[in-house]
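Enquirer: The listed protein sequences correspond, in order, to chains A and B. The opening position of the first sequence corresponds to residue 14 in my numbering, with each subsequent residue numbered one higher. The opening position of the second sequence corresponds to residue 3 in my numbering, with each subsequent residue numbered one higher. Glycine is no exception: its CB is placed at the ideal position from the N, C-alpha and C atoms. Supplied in structure tokens, the structure appears directly below.
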Amino acid sequence: MNVPAVKSEITAKVSGPSESAPVFKMAIKRRPWSDKAWKLAQSAAVRIVPPLIVLALFLVVWELLCSKPGATLPPPLKVFRDTKDLILDPFFDNGGIDKGLFWHLSASLQRVALGYSLAAIVGIALGTLVGQSIWAMRGLDPIFQVLRTIPPLAWLPLSLAAFRDGQPSAIFVIFITSIWPIIINTAVGIRNIPQDYRNVAAVVRLNPFEFFWKIMIPSAAPYIFTGLRIGIGLSWLAIIAAEMLIGGVGIGFFIWDAWNSSHISEIILALVYVGIVGFILDRAIAMIGAFFTRGTSVA
Amino acid sequence: MQNYLKLDHMDKVFTRGSTSTEVLKDINLTVARGEYVSIIGHSGCGKSTLLNIVAGLTNATQGGVLLEGREVNSPGPDRAVVFQNHSLLPWLTVYDNVRLGVDKVFGRTKTYVERNDWVMHNLNLVQMAHAKDKRPSEISGGMKQRVGIARALAMEPKVLLLDEPFGALDALTRAHLQDTVMALHQKLDNTVMMITHDVDEAVLLSDRIVMMTNGPSARIGEVLDVPLPHPRKRLELATNPIYLKCRQRVLEFLYERHRFVEAA
Numbered sequence: 014m015n016v017p018a019v020k021s022e023i024t025a026k027v028s029g030p031s032e033s034a035p036v037f038k039m040a041i042k043r044r045p046w047s048d049k050a051w052k053l054a055q056s057a058a059v060r061i062v063p064p065l066i067v068l069a070l071f072l073v074v075w076e077l078l079c080s081k082p083g084a085t086l087p088p089p090l091k092v093f094r095d096t097k098d099l100i101l102d103p104f105f106d107n108g109g110i111d112k113g114l115f116w117h118l119s120a121s122l123q124r125v126a127l128g129y130s131l132a133a134i135v136g137i138a139l140g141t142l143v144g145q146s147i148w149a150m151r152g153l154d155p156i157f158q159v160l161r162t163i164p165p166l167a168w169l170p171l172s173l174a175a176f177r178d179g180q181p182s183a184i185f186v187i188f189i190t191s192i193w194p195i196i197i198n199t200a201v202g203i204r205n206i207p208q209d210y211r212n213v214a215a216v217v218r219l220n221p222f223e224f225f226w227k228i229m230i231p232s233a234a235p236y237i238f239t240g241l242r243i244g245i246g247l248s249w250l251a252i253i254a255a256e257m258l259i260g261g262v263g264i265g266f267f268i269w270d271a272w273n274s275s276h277i278s279e280i281i282l283a284l285v286y287v288g289i290v291g292f293i294l295d296r297a298i299a300m301i302g303a304f305f306t307r308g309t310s311v312a
Numbered sequence: 003m004q005n006y007l008k009l010d011h012m013d014k015v016f017t018r019g020s021t022s023t024e025v026l027k028d029i030n031l032t033v034a035r036g037e038y039v040s041i042i043g044h045s046g047c048g049k050s051t052l053l054n055i056v057a058g059l060t061n062a063t064q065g066g067v068l069l070e071g072r073e074v075n076s077p078g079p080d081r082a083v084v085f086q087n088h089s090l091l092p093w094l095t096v097y098d099n100v101r102l103g104v105d106k107v108f109g110r111t112k113t114y115v116e117r118n119d120w121v122m123h124n125l126n127l128v129q130m131a132h133a134k135d136k137r138p139s140e141i142s143g144g145m146k147q148r149v150g151i152a153r154a155l156a157m158e159p160k161v162l163l164l165d166e167p168f169g170a171l172d173a174l175t176r177a178h179l180q181d182t183v184m185a186l187h188q189k190l191d192n193t194v195m196m197i198t199h200d201v202d203e204a205v206l207l208s209d210r211i212v213m214m215t216n217g218p219s220a221r222i223g224e225v226l227d228v229p230l231p232h233p234r235k236r237l238e239l240a241t242n243p244i245y246l247k248c249r250q251r252v253l254e255f256l257y258e259r260h261r262f263v264e265a266a
């Protein structure tokens with residue numbers, strides 16, 4: 014802090030009235046951070062205010078429509094009153110399936126984490142095979158194209174028959190739902206590796222293992238992450254439906270249970286949570302993708 | 003070592019389904035150690051195919067390539083290529099792009115520190131050491147090509163293959179880079195084979211110019227010696243009678259005797 018002060022004294026002596034120099038300096042020093050904060054606040058407002066306004070309007074309309082006598086769905090204020098305990102204490106555990114929403118969500122997330130991780134590993138491996146080998150593509154691609162159109166829940170009875178237990182069946186449904194976009198996008202990414210990169214690898218004489226890690230994965234990363242992002246969305250869709258059928262702890266079963274007990278407000282609360290968690294999952298994968306592919310954009 | 007690199011009765015036929023196109027026919031060429039040879043011809047005459055065969059990226063249908071008396075038919079760092087569009091890996095820094103090749107070639111013979119020094123030495127040769135931590139997207143086209151040259155040089159190739167290395171650059175950058183390549187050739191005395199379609203570039207840089215006839219079935223039409231002493235100065239050559247005569251010969255070959263026939 015000393016140096017600028019001395020400097021300003023010098024300029025003051027040389028160039029003009031002594032009071033003008035410090036004033037000028039203060040102005041320069043203050044502007045960057047206050048400007049930055051102002052800009053940050055502005056951009057935040059631009060992002061946050063419009064959805065808040067729309068949300069408020071939506072809640073008002075909903076309140077008006079559902080407050081009439083004979084309405085089948087509860088208005089938002091009633092939803093809040095009914096579910097206040099669930100919102101304020103998500104961590105209670107009375108044993109069995111009578112648990113707080115945190116435990117339901119975390120049980121669902123664990124299933125997704127397991128099934129999705131398996132799908133990511135197997136999907137990238139199979140996608141690489143299909144993308145790299147023309148014969149693997151000719152043999153496997155038509156089969157994948159048929160299998161991927163099967164709805165997630167159609168796999169559930171079969172997996173229940175095979176595993177004879179709800180937990181692995183749910184994980185299998187996640188796996189089989191999210192693997193197709195990962196396979197297909199990885200294969201496209203591998204197929205689109207520019208011939209130039211292959212030539213470089215050939216001249217340098219990378220072995221297949223080095224080629225996989227140093228050329229294929231980084232080059233196909235944008236495609237792979239597109240597949241991973243679609244996959245996580247699909248697996249979150251599938252787990253809710255699967256849990257409704259297999260029961261136990263989980264947000265899907267919580268919704269089904271609430272329906273059976275006619276707790277409509279709890280269903281609405283659960284839907285809000287499901288939406289928010291799905292959104293966070295999607296953004297998390299997108300952020301990881303943005304981090305890993307920051308150098309991959311071809312210049 | 004008069005027959006350092008030898009292309010021996012080389013034919014190349016591309017076959018797709020039942021149709022086959024003969025691209026190169028009976029190519030014979032010997033290159034001495036330390037020689038700078040340019041291959042010039044109209045686009046589509048198969049000069050890039052020729053270079054790819056020497057690099058081992060594609061194989062000749064007949065005949066082959068001998069380097070120091072041994073046949074080569076697969077790619078390797080002894081015939082490092084500077085690609086036309088630089089082909090740097092965009093997810094690696096400038097340093098790591100050069101390091102990739104160095105680690106593979108000298109992984110056993112040099113220590114970690116020596117390899118680092120070697121990478122920096124080669125980046126210094128092309129005046130790119132200052133940008134070692136930048137990614138390819140953050141540097142200009144000319145700089146990328148410099149890094150491409152450093153990457154190839156760092157593999158200590160027996161033959162340096164340049165595939166229209168300055169084709170994608172503007173005229174000023176190109177001249178600057180040509181001077182760099184000339185200085186490097188003077189300093190390191192490596193054997194260079196360069197593909198080009200620029201007559202001035204060929205005469206300025208080469209010891210010999212190989213002129214290709216038009217494809218299909220392109221042959222070597224004529225080989226011209228450029229008896230100009232090194233180092234060469236761009237400005238002085240502009241009025242040098244030998245330079246002008248060589249230039250004239252190449253122009254006559256390309257534009258009178260083997261005019262490019264526009265494909266319909």
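1) Please classify V74 of chain A as buried or exposed, where buried requires at least 16 other C-beta atoms within 10 Å of its C-beta.
2) Under 8 Å between the Cβ atoms of A1 of chain B and M12 of chain B?
3) Pull the bridge partners of E238 of chain B from the DSSP assignment, please.
4) Considering just the uninterrupted stretch of the beta strand (DSSP E) at S22 of chain B, what are its terminal residues?
5) Give the DSSP-derived three-state secondary structure of A220 of chain B in the structure shown.
6) So is G78 of chain B in contact with chain A if we call contact Cβ pairs under 8 Å?
7) Measuring only the C-alpha atoms, how far is A220 of chain B from D10 of chain B?
8) Counting contacts by CB-CB distance shorter than 8 Å, is Y210 of chain A in contact with chain B?
9) Taking all protein chains shown into account, decide if A62 of chain B is buried (16 or more other Cβ within 10 angstroms of its Cβ) or exposed.
10) Going by CA-CA distance only, name the one from B:D209, B:E254, B:V15, B:G150 that's closest to F85 of chain B.
11) Would I293 of chain A be called buried (16 or more neighbouring beta carbons within 10 Å of its own) or exposed?
12) Going by beta carbon distance, what residues of the same chain come within less than 8 Å of L5 of chain A, once the five residues before and after it are set aside?
13) Mark K235 of chain B as exposed unless 16 or more other C-beta atoms lie within 10 angstroms of its C-beta, in which case mark it buried.
14) Taking Cβ positions, are L69 of chain B and L31 of chain B nearer each other than 8 Å?
15) Under 8 Å, Cβ to Cβ, is there at least one residue of chain A near N75 of chain B?
16) According to DSSP, simplified to helix, strand and coil, what is D200 of chain B?
17) Under the DSSP definition of a beta bridge, which residues are partnered with Y38 of chain B?
18) For A251 of chain A, which residues of its own chain have a beta-carbon under 7 Å away from its beta-carbon, when the five flanking residues on both sides are left out?
19) Just reading off the beta strand (DSSP E) that G66 of chain B is part of, what are its end residues?
20) Leaving out the 5 sequence neighbours to the left and right, which residues in its chain are closer than 8 Å to Y286 of chain A when beta-carbon positions are compared?
21) Please confirm if the region 276-284 of chain A is in contact with the region 219-238 of chain A, defined as three or more CB-CB distances below 8 Å between the two stretches.
22) What is the C-beta distance between I195 of chain A and G136 of chain A, in whole angstroms, given that I count them as a contact (C-beta under 8 Å)?
23) According to DSSP, which residues form a beta bridge with M150 of chain A?
24) Does the distance from the CB of P87 of chain A to the CB of D98 of chain A come in under 8 Å?
25) Taking the alpha carbon of A200 of chain A as the reference point, which residue from A:D154, A:S56, A:L127 has its own alpha carbon closest?
26) Please state whether DSSP places I324 of chain A in a helix, a strand or coil.
27) Whose Cβ in chain A lies nearer than 9 Å to the Cβ of V83 of chain B?
28) How is the beta strand (DSSP E) around R72 of chain B delimited, first residue to last?
29) Please classify L68 of chain A: is it buried, with 16 or more other beta-carbons within 10 angstroms of its beta-carbon, or exposed?
30) Which residue or residues does DSSP assign as beta-bridge partners of L164 of chain B?
31) Quick check: the Cα distance between F267 of chain A and A126 of chain A, rounded to an integer number of angstroms?
32) How is the alpha helix (DSSP H) around D10 of chain B delimited, first residue to last?
33) Less than 8 Å between C-beta atoms, sequence neighbours within five positions excluded: which residues of the same chain meet that for Q129 of chain B?
34) Closer than 8 Å, Cβ to any Cβ of chain A: which residues of the region 35-60 of chain B, in chain order?
35) I want to verify the contact list: residues of chain B whose CB lies under 9 Å from the CB of L219 of chain A, in sequence order.
36) Does the distance from the CB of A170 of chain B to the CB of G143 of chain B come in under 8 Å?
Expert: So, to answer that:
1) exposed
2) Residue 1 of chain B lies beyond the range of chain B shown here (3 to 266); nothing can be said about it.
3) DSSP lists no partner for E238 of chain B.
4) Segment 21-33, the beta strand (DSSP E) holding S22 of chain B.
5) Here A220 of chain B sits in strand by DSSP.
6) For G78 of chain B, the nearest CB of chain A lies under 8 Å from its own CB, placing it at the interface with that chain.
7) 15 Å
8) yes
9) It is buried - the Cβ of A62 of chain B has at least 16 other Cβ atoms within 10 Å.
10) Comparing alpha-carbon positions, the option among B:D209, B:E254, B:V15, B:G150 lying closest to F85 of chain B turns out to be B:G150.
11) Exposed, since its Cβ has fewer than 16 Cβ neighbours within 10 Å.
12) Any property of residue 5 of chain A remains undetermined from this structure, which presents chain A solely from 14 to 312.
13) exposed
14) no
15) no
16) DSSP places D200 of chain B in coil when its eight states are reduced to three.
17) B:V194
18) P165, V186, I187, T190
19) Note, G66 of chain B: beta strand (DSSP E), 64-69.
20) L114, L118, I264
21) no
22) 3 Å
23) DSSP lists no partner for M150 of chain A.
24) no
25) A:D154
26) Residue 324 of chain A lies beyond the residue range present for chain A, which begins at 14 and ends at 312; the question has no answer from this structure.
27) N212, V213, V216
28) 72-74
29) exposed
30) B:V84, B:M196
31) Those two C-alpha atoms are separated by around 19 Å.
32) Run containing D10 of chain B: none in the alpha helix (DSSP H); it sits in the beta strand (DSSP E), 7-18.
33) Here the set comprises R148, T182.
34) A57, G58, L59
35) For L219 of chain A, the C-beta contacts it makes with chain B under 9 Å involve L102, K106, in order along the chain.
36) yes
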